[in-house]
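Novice:
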Amino acid sequence: MELLKVFIYVKSSKVGEAYYESIEKTSSTNVFYISLSELSLNKELYAGEIIELEIMLKDNLRDYVSVKLLNDIASSDKIQFLGTVGEDFEAYLITVYDLFTRWNNNLTPIWNNLKTVEEKRGWLRACFKWSGLNKVITNDKTYLINCNEINDELDFYYLLGDAFFGYRGYMGGDGNALLDCLGVINVSNEKHNSKVYFKEYSKLEKLFKKYSPNYFKSILCQDFIDNGFEIVLK
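One point on numbering: in full-length UniProt numbering, the residue at position 205 of the sequence shown is 205, and numbering is uninterrupted.
Printed below as a string of structure tokens:
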């Protein structure tokens, strides 16, 4: 399997390169095991140093992870080391990197195999990084959302992305991000005359009730209506 390329920097100077294997949690907050293969360094790195990993997700798309080393590392065919990641590192990024590795190898993991909230957040973030904000939809189309397939809020956003844009489609991961997506669609598809059909919508009313008693209809459905969609509730 082709792996993600990683470039390694110390104080903005490139000191090596490798391939991404994995990042794994430890029992300590912000401390992770980082596994790399084909690690080539032009200098040994020591515990206490801060390195920057530039992870090449695909052409012209990269991510950065800041790591404070907890042990020395040197060039190696395969290496696993401990590091404290920066405060901006979110655990769901592990899923993002794993998904990009699979997608770049033409593999198609599925949403239903995800087991945790972090994995689901990672999937949605990976879809955003891969696909961005999609603009073009099919005019005069009815987009069906079968609410029986929804067990949590992230399932809702996944199904929207899949219904509108297919595999790796993105329609947000919360209400604000959804509104951004709808706004982009509305600007790019004037008078699209499309519908969104929520089948068994009462499940969504219960799910979003935690925000306000009528959140699904008064906020989410209204956001669709304000951006040119007709809503069908059954």
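Here a beta-carbon is modelled for each residue, glycine too, at the ideal position from N, C-alpha and C.
1) Under 8 Å, with one C-beta from each stretch per pair, do the stretch 144 to 156 and the stretch 95 to 105 reach the 3-pair mark?
2) As an exercise, report each continuous alpha helix (DSSP H) stretch of at least 4 residues that is fully enclosed by the stretch 51 to 126, in chain order.
3) Note the first and the last residue of the continuous beta strand (DSSP E) segment covering Gly-16.
4) Report, in whole angstroms, the separation of the C-beta atoms of Gly-48 and Leu-69, which I expect to be a contact under 8 Å.
5) Counting only runs of 3+ residues fully inside the stretch 137 to 184, write out the beta strand (DSSP E) ranges in chain order.
6) Just to confirm my understanding: we take Leu-41, look at its own chain, exclude 5 residues before and 5 after, and list those with CB closer than 8 Å. What are they?
7) Count the other CB atoms, across all protein chains shown, that sit within 10 Å of the CB of Val-187; report buried if there are 16 or more and exposed otherwise.
8) Figure out for me which residue from Ser-66, Ala-163, Ile-219 has the closest Cα to the Cα of Asn-175.
9) May I have the straight-line CA-CA distance separating Glu-38 from Leu-3, to the nearest angstrom?
10) Between the Cα of Thr-108 and those of Lys-209, Ala-91, Lys-203, Cys-127, spot the shortest distance and give me the residue it belongs to.
11) Taking Ile-137 and Ser-194 to be in contact with their CB atoms under 8 Å, please state how far apart those CB atoms are, rounded to whole angstroms.
12) In this structure, how does DSSP classify Leu-41 when only helix, strand and coil are distinguished?
13) Counting C-beta neighbours from all protein chains within 10 Å, is the total for Ile-110 16 or more, i.e. buried, or is it exposed?
14) Please state if the CB of Trp-130 and the CB of Arg-168 are separated by a distance shorter than 7 Å.
15) Is DSSP giving Ser-35 helix, strand or coil here?
16) Quick check: what's the CA-CA separation for Val-10 versus Lys-43?
17) What is the rounded straight-line gap between the Cα of Phe-89 and the Cα of Gln-80?
18) Provide the residue(s) that pair with Lys-5 in DSSP beta bridges, ordered along the chain.
19) Buried or exposed for Asn-134, please, with buried defined as at least 16 other CB atoms from any protein chain shown within 10 angstroms of its CB.
20) Pull up the CB-CB distance for Phe-164 and Tyr-197, whole angstroms please, since I reckon it's below 8 Å.
Specialist: For this structure:
1) no
2) 93 to 104
3) Within the sequence shown, numbered from 1, the residue matching residue 16 stands at position 16. Taken as a continuous stretch (DSSP letters only), the beta strand (DSSP E) holding Gly-16 covers 13 to 25.
4) Position 48 of the sequence shown, counting from 1, holds the residue named residue 48. Position 69 of the sequence shown, counting from 1, holds the residue named residue 69. With a Cβ gap of about 7 Å, Gly-48 and Leu-69 count as contacting.
5) 142 to 146
6) The count along the sequence shown starts at 1 and reaches residue 41 at position 41. Closer than 8 Å at the Cβ level, and outside the excluded window around Leu-41, lie Ile-8, Val-15, Gly-16, Ile-73, Ala-74, Ser-75.
7) To locate residue 187, count along the sequence shown from 1; it is residue 187. Label assigned to Val-187: exposed.
8) Translated into the one-based positions of the sequence shown, residue 175 becomes position 175. Going by the sequence as given, residue 175 is Gly instead of Asn. Taking only the C-alpha atoms, the option nearest Gly-175 is Ile-219.
9) Looking up residue 38 in the sequence shown gives position 38. Looking up residue 3 in the sequence shown gives position 3. Rounded to the nearest angstrom, the two C-alpha atoms are 11 Å apart.
10) Start at 1 with the first residue of the sequence shown, and residue 108 comes out as number 108. The shortest Cα separation from Thr-108 among Lys-209, Ala-91, Lys-203, Cys-127 belongs to Cys-127.
11) Residue mapping note: residue 137 aligns to position 137 of the sequence shown, counting from 1. Residue mapping note: residue 194 aligns to position 194 of the sequence shown, counting from 1. Between Ser-194 and Ile-137 the Cβ distance is about 6 Å, and since that is below 8 Å, they are a contact.
12) Here residue 41 refers to the residue found at position 41 when the sequence shown is read from its first residue. Reduced to three states, the DSSP call for Leu-41 is strand.
13) On the sequence shown, position 110 is the one that residue 110 refers to. Counting Cβ neighbours within 10 Å, Ile-110 comes out exposed, since fewer than 16 surround it.
14) Counting from one through the sequence shown, the residue named residue 168 turns up at place 168. Counting from one through the sequence shown, the residue named residue 130 turns up at place 130. In contact: Arg-168 and Trp-130 (Cβ atoms closer than 7 Å).
15) In the sequence shown, counting from the first residue as 1, residue 35 sits at position 35. Reduced to three states, the DSSP call for Ser-35 is strand.
16) Taking the sequence shown and counting its residues from 1, the one referred to as residue 10 is at position 10. Taking the sequence shown and counting its residues from 1, the one referred to as residue 43 is at position 43. Rounded to the nearest angstrom, the two C-alpha atoms are 10 Å apart.
17) In the sequence shown, the residue the question calls residue 89 occupies position 89. In the sequence shown, the residue the question calls residue 80 occupies position 80. Rounded to the nearest angstrom, the two C-alpha atoms are 19 Å apart.
18) Taking the first residue of the sequence shown as 1, we reach residue 5 at position 5. Lys-5 is bridged to Tyr-19.
19) Counting from 1 along the sequence shown, the entry for residue 134 is found at position 134. Its Cβ being crowded by 16 or more others within 10 Å, Asn-134 is buried.
20) As a position in the sequence shown, residue 164 is number 164, starting the count at 1. As a position in the sequence shown, residue 197 is number 197, starting the count at 1. Contact flag wrong, Cβ pair sits at about 13 Å.
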